[in-house]
Amino acid sequence: MKDKVCLITGATSGIGKETAKVLAGMGAIVVIPVRDMEKGNNVKNLIVEESHDARVEVFECDLSSFESIRNFCGEFKERYYALHVLVNNAGLWERERKVSADGIELTFAVNHLAPFLMTHLLLDLLKKSAPARIVNVTSGLHQSTIDFDNIEFDRDFSSWKAYRQSKLANILFTKELARRLSGTGVTANCLMPGFVSTGLSRNSGLFSRTFVRMIAARPRKGAETEIYLATAPEVEKISGECFKKKKIAETSKESNDPDLARRLWDVSTKYVERYLI
Ligand SMILES: NC(=O)c1ccc[n+]([C@@H]2O[C@H](COP(=O)([O-])OP(=O)(O)OC[C@H]3O[C@@H](n4cnc5c(N)ncnc54)[C@H](OP(=O)(O)O)[C@@H]3O)[C@@H](O)[C@H]2O)c1
Numbered sequence: 002m003k004d005k006v007c008l009i010t011g012a013t014s015g016i017g018k019e020t021a022k023v024l025a026g027m028g029a030i031v032v033i034p035v036r037d038m039e040k041g042n043n044v045k046n047l048i049v050e051e052s053h054d055a056r057v058e059v060f061e062c063d064l065s066s067f068e069s070i071r072n073f074c075g076e077f078k079e080r081y082y083a084l085h086v087l088v089n090n091a092g093l094w095e096r097e098r099k100v101s102a103d104g105i106e107l108t109f110a111v112n113h114l115a116p117f118l119m120t121h122l123l124l125d126l127l128k129k130s131a132p133a134r135i136v137n138v139t140s141g142l143h144q145s146t147i148d149f150d151n152i153e154f155d156r157d158f159s160s161w162k163a164y165r166q167s168k169l170a171n172i173l174f175t176k177e178l179a180r181r182l183s184g185t186g187v188t189a190n191c192l193m194p195g196f197v198s199t200g201l202s203r204n205s206g207l208f209s210r211t212f213v214r215m216i217a218a219r220p221r222k223g224a225e226t227e228i229y230l231a232t233a234p235e236v237e238k239i240s241g242e243c244f245k246k247k248k249i250a251e252t253s254k255e256s257n258d259p260d261l262a263r264r265l266w267d268v269s270t271k272y273v274e275r276y277l278i
């Protein structure tokens with residue numbers, strides 16, 4: 002991984018933070034776009050304390066704003082001429098229905114549309130840097146479908162339904178992306194990290210937070226498959242798969258439906274097309 006440029010979203014906490022630490026320790030140049038610069042700089046300082054020659058650069062980027070994503074990608078491309086690994090790790094689970102800066106239901110916006118847009122804006126650089134990898138973080142909680150008539154849960158919002166739909170979208174996006182990237186030297190895979198004690202449950206009640214802390218895996222353990230997909234030579238040529246515990250895993254019937262994946266791709270493009278130019 003020495004001198005490889007690796008971009009990891011959601012590296013201020015949980016699984017992403019552990020991934021950033023490990024990749025920086027392997028000699029990679031780690032770029033972390035964050036919405037809170039103070040948090041981002043704390044993570045950078047922590048990593049540099051652990052390994053003095055680590056290279057970590059923090060950029061501001063709020064994934065709940067298309068404009069912020071586009072600005073960040075522009076800054077990134079001005080500064081870096083290569084991108085070898087893109088880890089779309091950031092995610093959230095909101096209890097109440099909220100909307101993004103663009104007025105889009107927040108779970109759909111941050112968990113799906115943000116990585117969709119960021120990947121598109123960085124695709125030329127990834128292709129130029131091939132062999133390169135895109136790693137998307139989904140979840141075992143993807144048993145769902147895409148309700149195109151109510152994709153933003155304008156009716157009947159449920160935090161579970163919104164989260165599951167967004168995690169199904171992560172798999173469908175990965176598979177369609179891998180099909181479109183065939184022959185380019187850029188791979189796209191996703192992973193299910195398992196049940197991990199992170200900030201994801203910060204919006205749930207005290208009882209569930211305590212329960213999660215007691216039984217879930219530590220973030221370093223939870224980051225293992227993410228780190229594996231970002232670095233392991235044996236997966237360099239694998240694309241379009243979903244991994245769990247460093248192995249290809251089965252996912253739901255819906256997640257393997259190419260028509261659903263294409264339709265979601267088209268709908269997602271409509272959402273972000275103003276920012277693609
Ligand atoms: N934990 C689990 O059991 C589990 C299971 C399956 C899948 N996952 C997936 O794993 C991924 C990582 O989550 P985690 O468990 O490590 O949770 P986490 O500790 O809450 O980390 C989430 C990260 O996403 C960032 N983020 C959220 N909204 C953002 C925004 N608008 N702009 C920029 N960054 C934003 C957070 O930044 P801030 O620090 O600024 O909030 C944080 O760095 C997610 O995709 C999640 O769905 C987790």
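Take any residue in the sequence shown, count from 1 to its spot, add 1: that is its number in the numbering used here. Note that CB positions come from ideal geometry on N, CA and C, so glycine has one too. Source: prediction; values computed, not measured.
Status (buried if at least 16 other CB within 10 Å, exposed otherwise) for residue i
i: V100; result: exposed
i: P259; result: exposed
i: Y164; result: buried
i: H53; result: exposed
i: P234; result: exposed
i: I216; result: exposed
i: P132; result: exposed
i: R219; result: exposed
i: K22; result: buried
i: E39; result: exposed
i: S65; result: buried
i: Y82; result: exposed
i: K288; result: Residue coverage of the chain in this structure runs from 2 to 278, which leaves residue 288 outside it and unanswerable.
i: T270; result: exposed
Residue i (DSSP reduced to helix, strand or coil)
i: F154; result: coil
i: I216; result: helix
i: A21; result: helix
i: P34; result: strand
i: E106; result: strand
i: R263; result: helix
i: A170; result: helix
i: M2; result: coil
i: N89; result: strand
i: T188; result: strand
i: L64; result: coil
i: E274; result: helix
i: A133; result: strand
i: M193; result: strand
i: F149; result: coil
i: L178; result: helix
i: R56; result: strand
i: L201; result: helix
i: K78; result: helix
i: I239; result: coil
i: K162; result: helix
Beta-carbon proximity check, residue i vs residue j, cutoff 8 Å
i: S145; j: K162; result: yes
i: E177; j: R263; result: yes
i: I172; j: T108; result: no
i: F280; j: L118; result: The structure shown does not extend to residue 280, since the chain spans only 2 to 278, so no value can be given for it.
i: A110; j: I147; result: no
i: I239; j: T185; result: no
i: I16; j: A250; result: no
i: N137; j: F196; result: no
i: S198; j: R96; result: no
i: G26; j: E58; result: no
i: T13; j: V35; result: yes
Straight-line gap, residue i to residue j (C-alpha atoms, nearest Å)
i: K78; j: L126; result: 8 Å
i: D4; j: L201; result: 31 Å
i: V236; j: L24; result: 16 Å
i: S183; j: W94; result: 32 Å
i: P194; j: L207; result: 23 Å
i: I278; j: V49; result: 36 Å
i: L265; j: T139; result: 16 Å
i: H85; j: R134; result: 6 Å
i: S69; j: F244; result: 30 Å
i: V88; j: T211; result: 29 Å
i: R156; j: R98; result: 10 Å
i: R203; j: G28; result: 32 Å
i: E274; j: K168; result: 22 Å
i: F60; j: G11; result: 12 Å
i: R71; j: Y276; result: 7 Å
i: G41; j: L230; result: 23 Å
i: Y272; j: L142; result: 24 Å
i: C191; j: E242; result: 6 Å
Residue-chain proximity (residue i, chain E), Cβ-Cβ < 8 Å
i: F109; result: Looking for chain E here will not work: only one protein chain is present.
Contact test: residue i Cβ vs ligand 2 heavy atom, cutoff 7 Å
i: D267; result: You won't find ligand 2 in this model; what it holds is ligand 1.
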